[in-house]
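Following: one structure in structure tokens, then a few remarks.
Residue numbers (UniProt numbering): 1 to 360.
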């Protein structure tokens, strides 16, 4: 039998049923000695379930007086384990609804035991026909959006079966998010800390059409995507202002600079719109105070402006009309390229050894 005595099991639970009892019993049989359950403000009818599992010496319960969300429950568990079981080195988070088999929990734990600081994810295969449409569609969309917006390729962004090293827990306790969006933010934190993500394919289990899941596909998806929506909204607003300023400056400069009015309008529009974009990104999207981002941002903006001006100018010479339409086409392409550069260079977050977030 494998030795899992140095690995804790953390189970956030909200209104669990008998499947939680079966889960705990199975874990104990596989030699897991430290099982922590966070009762996240469950209803009174669930007290018998918690009383049942608390009778096992390997299992402890920590209670929230009210429902605070899965993210907060995980942070509560991290804090408790760090303070109570300092001799442990790793932990595995498991959902309470029976969607993770004991076999797969063991496989994630074994993978975790053989890694240094990697985050180990138990990932489901959503291509199978027996997957509920809500889960199949939601996870596929989330995977694509998350990869595009963050640059992190993860097969199952919403899996609750995760292996985590103790050395990463203090940083994870400072990550924003109180509910399901916290698990997404955890993946972003791995990227910020250059922590690799490893995957173990697991069985996809949906009991009773996944009725026990507390994931709201609309409300929780909005929270999950909020960081991306803010960034894209900021860019789109700036893009709209850029086109507006460009259109106005075309009229104003055409008589003054008949030969170079397109270049002049492009430069003027980009200066005004980029100032707006930088202020919004710094204060509302990335919450950055580093002065280095200003230099990087305007280095990127100048390069983007020059490419935009040259591209619009050359295409106009080729086509001979439709300056605004050409501008929209050129800047749409540059918008996508700029997104990646800002994410990977301008506002790329790193952490110093003291755990404080900074910008490179």
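All residues carry an ideal CB built from backbone N, CA and C; glycine is no exception.
These numbers come from a predicted model, not from an experiment.
CA-to-CA distance, residue j to residue i, given in whole angstroms
i           : j           : result
residue 118 : residue 71  : 20 angstroms
residue 66  : residue 267 : 55 angstroms
residue 242 : residue 270 : 6 angstroms
residue 310 : residue 100 : 56 angstroms
residue 27  : residue 346 : 45 angstroms
residue 23  : residue 308 : 58 angstroms
residue 315 : residue 184 : 42 angstroms
residue 240 : residue 327 : 12 angstroms
residue 35  : residue 330 : 56 angstroms
residue 129 : residue 145 : 22 angstroms
residue 361 : residue 111 : Summary: the structure shown does not reach residue 361, with the chain confined to residues 1 through 360, and so no result is reported for it.
residue 53  : residue 47  : 10 angstroms
residue 139 : residue 305 : 37 angstroms
residue 87  : residue 303 : 52 angstroms
residue 171 : residue 260 : 52 angstroms
residue 340 : residue 257 : 34 angstroms
residue 126 : residue 205 : 11 angstroms
Test item: CB-CB of residue i and residue j under 7 angstroms
i           : j           : result
residue 285 : residue 230 : yes
residue 121 : residue 162 : yes
residue 113 : residue 92  : no
residue 83  : residue 61  : no
residue 238 : residue 283 : no
residue 187 : residue 152 : yes
residue 81  : residue 8   : yes
residue 262 : residue 313 : yes
residue 281 : residue 234 : yes
residue 89  : residue 182 : no
residue 203 : residue 104 : yes
residue 272 : residue 246 : no
Close-in-space but distant-in-sequence residues of the same chain around residue i (CB under 6 angstroms, 5 per side omitted)
i           : result
residue 274 : 301
residue 333 : none
residue 29  : none
residue 342 : none
residue 212 : Caution applies to residue 212, whose pLDDT of 47 falls short of 50 and renders its modelled position unreliable; the value that the coordinates give is listed next. The residues are 97.
residue 297 : 278, 346
residue 77  : 10, 36, 38
Residue i beta carbon near the ligand ATP (any heavy atom closer than 6 angstroms)
i           : result
residue 344 : With respect to the ligand ATP, the structure offers nothing, as it holds no ligand at all.
Residue environment, residue i, which counts as buried when at least 16 other CB atoms sit within 10 Å
i           : result
residue 159 : buried
residue 2   : exposed
residue 176 : exposed
residue 321 : exposed
residue 94  : buried
residue 255 : exposed
residue 252 : exposed
residue 265 : buried
residue 189 : buried
residue 107 : buried
residue 236 : exposed
residue 354 : For residue 354, the predicted model reports a pLDDT of 45, less than 50, meaning its position is unreliable; a value from the coordinates is still stated below. Exposed, because fewer than 16 other Cβ atoms sit within 10 Å of the Cβ of residue 354.
residue 319 : exposed
residue 164 : buried
residue 338 : buried
residue 317 : exposed
residue 49  : buried
residue 299 : exposed
residue 156 : buried
Neighbourhood of residue i by C-beta, 7 angstroms cutoff - its chain only, sequence neighbours within 5 removed
i           : result
residue 45  : none
residue 68  : 40, 41, 178
residue 43  : 15
residue 63  : 39
residue 85  : 8, 34
residue 102 : 26, 27, 30
Residues near residue i in its chain [Cβ-Cβ closer than 8 angstroms; skip 5 each side]
i           : result
residue 96  : 11, 12, 13, 14, 16, 19, 20, 23, 37
residue 154 : 121, 123, 143, 146, 147, 187, 197, 199
residue 33  : 4, 5, 58
residue 344 : 151
Interface flag, residue i vs chain B, CB-CB below 7 angstroms
i           : result
residue 303 : Any reference to chain B falls outside this structure, which holds one protein chain only.
Is the stretch 121-133 in contact with the stretch 192-203, if contact means three or more CB pairs nearer than 8 angstroms? Enough Cβ pairs lie closer than 8 angstroms, so yes.
For the stretch 126-134 against the stretch 47-60, do three or more pairs of beta-carbon atoms, one drawn from each stretch, fall closer than 8 angstroms, so that the two count as touching? no
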